[in-house]
Amino acid sequence: MFIRKMNNQNDVEEQKTTHSLVEQILRSGSEVFSREEIIKFLGCVQCGVCVGSCPSSMWTAWRARLLIRKMQLKSCENILSDESLWFCTTCYTCQERCPKQIPITDIIKVVRNLAVKHGYMKDTHKRICSFFLTYGHAVPPTDEIKKIRKALGLAELPPTVCTDLRMLKEVLGIIEKTGFNKIYRE
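Convert by adding 629 to the 1-based position in the sequence shown; the result is the number in our numbering.
Spelled out as C-alpha cells, the structure:
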C-alpha cells in the first residue's frame, strides 16, 4: 500500500472525507446485514473471480473488485459519482462465486443508496422514480401496450396498483413514510 504525503489542509480534509465515506458505507450496510459481513471486504485478496464471472464486466467498465479495493485503501473520493457503479445488474454472480464470501452485491447496493442520498442518480433512474412516484409503477403502460392488451382480450391496464386506487394510495403512503419522495426530489 502506498501512503502519499499530505501537502496541505485540502489533503487532510480529503482524507477525512474518504474515511468518513467508508464509515458511512459500513454504517449503512449494518442496517441491512451484520457489520461482520460487510467488514469481510477487508479480506478481499483481489483474485478477480468476481470480475471474471460478472456479465456486466464483459461489456462495460464495471469492476467490482476495484470498488472493494478503493474501500480497503480508503480512497473513496469518486466512488459515489462513478457512473460505472450503476453498471452492476445485481445478479449476485460475483457474490456467489467469491472464495472469501464477501457480500459484494450487497455492498454495491449500499453504496448506490448512499450515492442517491448524496445526489448522484442517473437520469434514467430519475425518470423511473418519477413514474413510480406518479403511478406507483416503474413502467406505466403506454397507449400501444394498452391497444395490444385489448386486442388480446385483456383489460387495457394490468391488475396492479395502476387500476386499484386504494393500493396506489397505500404504495404512495409507503413512499412518503420511507422518505423516498424527499430523496428523489432533492
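Note that the Cβ used here is the ideal one computed from N, Cα and C, for glycine as well.
- Taking the Cα positions, LYS779 is about 14 Å away from PRO788.
- The three-state secondary structure of ALA784, taken from DSSP, is coil.
- A Cβ-Cβ separation of about 11 Å leaves CYS727 out of contact with CYS683 under the 8 Å criterion.
- Take ALA690, set aside five residues on each side of it, and the residues of its chain with a beta-carbon closer than 8 Å to its own are SER713 and PHE716, in chain order.
- Counting only unbroken stretches of 4 or more residues, the alpha helix (DSSP H) elements lying wholly within the stretch 730–757 are 733–746, in sequence order.
- Sixteen is the threshold: when 16 or more other Cβ atoms of the shown chains lie within 10 Å of the Cβ of GLN724, as they do, the residue is buried.
- The alpha-carbon separation between HIS747 and VAL740 amounts to approximately 10 Å.
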